[in-house]
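Working notes, structure below.
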């Protein structure tokens with residue numbers, strides 16, 4: 006029996022150490038502190054560990070834990086002695102602990118900063134990455150408690166544990182003494198340890214999604230006895246798609262003697278299925294979902310697709326129901342798509358999974374689709390596979406995920422999967438919300454470097470069912486940051502599909518130079534104008550006249566593609582009177598064969614009322630001959646030509662003929678599909694996005710570097726910040742403190758002396774030296790020179806006194822104006838530099854010109870911190886008013902290199918010291934030589950949590 010003294014810890018139970026993690030094989034486990042209530046769990050866990058593993062842990066045969074051992078391993082003070090356990094189903098599968106030690110190796114307390122660490126992993130769970138995950142978490146706990154170094158003693162034969170330590174990426178020392186390997190390593194994250202952690206995160210999260218999309222067996226829970234209903238529909242969709250695995254129909258209301266439903270084995274519970282089940286589609290009402298989850302967890306199901314509604318989208322009670330659903334599923338190591346999901350699809354020939362409400366399987370292809378809303382998901386599938394009103398032609402889907410409330414599996418997880426999925430070339434995402442913008446931006450940058458990522462991001466508030474971190478950044482700023490990460494950011498579903506089809510079918514353009522040719526002068530000119538509007542560099546259109554033949558198109562396109570001054574070609578075509586499908590097919594073949602001569606340049610077609618041409622262009626990429634020319638995308642999905650199911654053929658795997666029929670048509674080795682658009686503006690917009698993305702890819706290959714400056718005093722700044730923060734939780738620094746802190750990073754701020762009286766103004770001017778400026782710094786007048794609260798170039802005392810009188814007569818007494826005197830800076834362009842740490846997006850550096858006009862137009866550019874030299878260069882040039890910095894209309898160019906250096910120094914300050922949560926430099930006058938910072942404010946606060954640098958975790962529930 007536990008006594009009150011036994012339960013007393015030096016710290017309260019650290020609930021914030023609890024976390025769910027994805028393991029190497031895609032399963033999940035819960036990590037939490039070990040407490041005094043875990044004695045029985047610990048004993049049970051130890052009994053299931055092999056004798057060899059026990060020997061490796063204790064360096065001697067140790068068949069059983071003594072009562073003293075159990076007490077020691079379950080009683081922790083959460084400071085000098087900490088134990089963590091990884092659990093599945095509430096039971097331990099692994100443990101890790103540290104004990105703080107002194108220089109003599111004996112137990113110690115702070116300020117000792119070293120600890121011994123030891124692991125024990127159940128044999129059945131070794132090889133799943135459990136120890137690596139626990140090491141990340143125990144290291145984070147140790148750093149929080151002031152421990153900077155771990156030591157571990159390992160037997161030489163315990164190669165698996167040695168590998169856990171050596172592969173972690175920390176700075177290490179190794180020694181061998183008395184038959185034991187001693188490893189010592191610093192816990193400060195290094196570039197290599199962060200890279201290792203993120204690589205493990207990618208592999209684990211990708212595999213967790215792969216397990217959902219490539220199941221060997223699926224159980225549909227909630228299949229009705231009568232036709233109709235959600236469960237019965239999903240079961241039919243799985244059968245009709247030709248799912249290559251095993252299917253099971255589950256309903257607790259089935260009669261005991263019912264053996265099959267629609268030829269699928271029927272069961273009253275998942276537990277009654279006498280074989281493993283990889284995926285369960287839960288199609289029962291929300292109140293019955295917990296029972297289904299328990300059955301699935303006890304049976305070892307790997308993942309769930311929860312179609313049921315009535316969760317967070319329905320209000321506070323539903324939100325709590327959703328939290329409990331996630332906690333319940335994670336207890337068993339399962340991941341969830343949903344709730345309120347539309348479902349998932351995998352068109353791969355060896356899977357053919359349609360575990361969704363989509364009545365027909367989309368055609369196989371190379372595009373990955375993600376949507377949070379089922380309605381948006383079906384709209385995306387429709388646009389990709391129909392002719393009327395959308396982009397014509399056929400480009401299919403590799404995988405499709407509609408996550409509903411995305412309580413667990415989110416767009417970030419699916420992005421991890423698509424990053425190295427060989428079956429996906431282009432990713433299209435419709436995001437109603439971004440739960441973790443910092444992580445999404447990181448993943449997007451890596452994915453976009455390998456394959457195009459096109460995103461529509463909703464500008465409204467997040468749907469009620471979505472858990473979203475609060476962000477103070479405007480929607481336009483978030484969009485700009487996504488573009489910086491290589492995301493092709495579009496505004497509508499139409500634009501999403503337009504860009505996706507071009508990127509899936511054509512190579513990236515080498516530049517913005519566009520050739521235009523066609524049989525309509527007016528359509529060519531319209532295309533030319535749209536190219537100019539989108540920032541492309543079009544050549545004058547080549548009019549082939551309405552009498553042009555397919556041979557004329559072939560010759561003109563071949564010549565345009567052969568021209569070294571051309572990076573892409575837009576072909577415009579209008580119908581020829583009296584011609585029909587035969588002529589359309591001939592024109593399509595002419596364009597296709599010409600495009601094959603220049604495989605490195607994209608070709609687009611703008612067609613007007615030429616449905617046959619669009620169909621023929623789709624068909625032109627397939628093996629000839631064909632008996633008929635037909636656009637497979639003419640309907641919402643492929644016509645209902647249901648493939649025989651394994652049940653109907655009497656086999657657990659489809660026969661060869663069925664498997665062959667399920668495969669997509671084999672494209673001609675040298676052919677490529679040419680995308681056709683019904684409007685010039687849609688084609689040109691898609692091409693412009695491809696040009697910008699290609700430029701980003703080229704620049705991403707050399708991202709630049711964060712320069713080092715010898716005059717930066719990082720240590721001195723840290724000491725100053727620490728001393729200032731002792732005053733309170735958060736504060737805005739005074740003028741002297743701001744100047745001192747910025748000065749440690751080489752940012753000099755012009756002195757501004759208070760002038761509460763005319764005499765004080767005159768004294769300040771004598772101190773600074775004439776000429777001076779007199780400014781009102783009251784909140785309603787600060788940085789508003791357009792309101793008349795500033796007087797410049799005051800050359801002597803008489804002018805200063807006169808200006809002082811004018812300001813007080815116009816705006817009120819000095820106590821309201823708060824006037825200051827400042828030495829005049831060289832004339833130049835007034836700019837603003839800001840940095841802020843957003844709780845969701847992270848540290849962001851912003852730049853724009855000063856003044857009301859720029860503010861009204863929103864002409865501000867943004868970059869994520871840390872900013873490289875290339876980032877700083879592009880930041881200065883990316884605002885619309887940038888020409889004012891480079892000699893617009895005969896003005897003198899200003900010193901942009903000095904401005905870029907200032908941006909880099911501010912970036913270094915907020916990156917080195919996360920306690921600096923906001924910096925504003927306004928105005929920054931950029932002159933012909935040098936910059937002058939005339940005003941600055943800095944805000945400090947305790948550093949926010951950097952979950953992107955901490956141990957791997959799933960979103961908390």
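Residue numbers (our numbering): 6 to 962. Glycine included, every Cβ here is placed at the ideal spot set by N, Cα and C. Predicted model, so just to flag it, every value in this text is computed and none were measured.
Please name the residue in the options whose C-alpha comes closest to that of residue i.
i           : options            : result
residue 913 : 373, 720, 728      : 720
residue 338 : 97, 374, 482       : 97
residue 857 : 925, 905, 877, 786 : 786
residue 803 : 535, 821, 763, 437 : 763
residue 384 : 52, 498, 219       : 498
residue 443 : 713, 824, 843      : 843
residue 231 : 254, 211, 753      : 254
residue 872 : 489, 21, 348       : 489
residue 219 : 142, 307, 170      : 307
residue 964 : 268, 260, 258      : Because the chain spans 6 through 962 in this model, residue 964 falls outside it and cannot be assessed.
residue 784 : 820, 766, 811      : 820
residue 46  : 280, 70, 26, 909   : 70
residue 215 : 270, 349, 224      : 349
residue 702 : 342, 449, 295      : 449
residue 509 : 801, 459, 876      : 459
residue 461 : 422, 503, 455      : 503
residue 919 : 317, 723, 718, 155 : 723
residue 174 : 304, 291, 432, 203 : 203
residue 922 : 944, 492, 934      : 944
residue 250 : 274, 226, 281, 259 : 281
residue 123 : 151, 798, 169      : 169
Mapping DSSP to helix, strand and coil, what is residue i?
i           : result
residue 579 : coil
residue 523 : strand
residue 416 : helix
residue 143 : helix
residue 112 : strand
residue 55  : coil
residue 356 : coil
residue 348 : strand
residue 189 : strand
residue 5   : No answer is possible for residue 5: the residues shown for the chain start at 6 and end at 962.
residue 158 : strand
residue 121 : strand
residue 889 : helix
residue 631 : Note that residue 631 has pLDDT 32, beneath the 50 cutoff, so the model's placement of it is unreliable and the number below is only indicative. The answer is coil: DSSP assigns residue 631 none of H, G, I, E or B.
residue 483 : helix
residue 612 : strand
How should residue i be labelled, buried or exposed, when 16 other C-beta atoms within 10 angstroms of its C-beta is the threshold for buried?
i           : result
residue 546 : buried
residue 32  : buried
residue 737 : exposed
residue 566 : buried
residue 210 : buried
residue 199 : exposed
residue 728 : exposed
residue 674 : Summary for residue 674: the model assigns pLDDT 37, below 50, so the residue's position carries little reliability, and this model does not support an answer.
residue 528 : buried
residue 336 : buried
residue 551 : exposed
residue 827 : buried
Less than 7 Å between the CB of residue i and some heavy atom of the ligand ADP, yes or no?
i           : result
residue 820 : Although the ligand ADP was asked about, the structure shown includes no ligands whatsoever.
Whole-angstrom Cβ separation of residue i and residue j, contact assumed at under 8 Å?
i           : j           : result
residue 825 : residue 780 : 5 Å
residue 511 : residue 607 : 4 Å
residue 679 : residue 596 : 6 Å
residue 140 : residue 99  : With 8 Å as the limit, residue 140 and residue 99 do not qualify as a contact, their Cβ atoms being about 11 Å apart.
residue 137 : residue 205 : 6 Å
residue 928 : residue 836 : 7 Å
Can you check whether the C-beta of residue i is within less than 8 Å of a C-beta belonging to chain C?
i           : result
residue 807 : Given the protein chain composition of this structure (a single chain), no chain C is represented.
Pairs of beta-carbons, one from the stretch 420 to 437 and one from the stretch 367 to 378, closer than 8 Å: are there three or more? Judged by Cβ distances under 8 Å, the stretch 420 to 437 makes contact with the stretch 367 to 378, as three or more pairs qualify.
The stretch 159 to 176 / the stretch 114 to 121 touching (three or more Cβ pairs under 8 Å): No, they do not touch.
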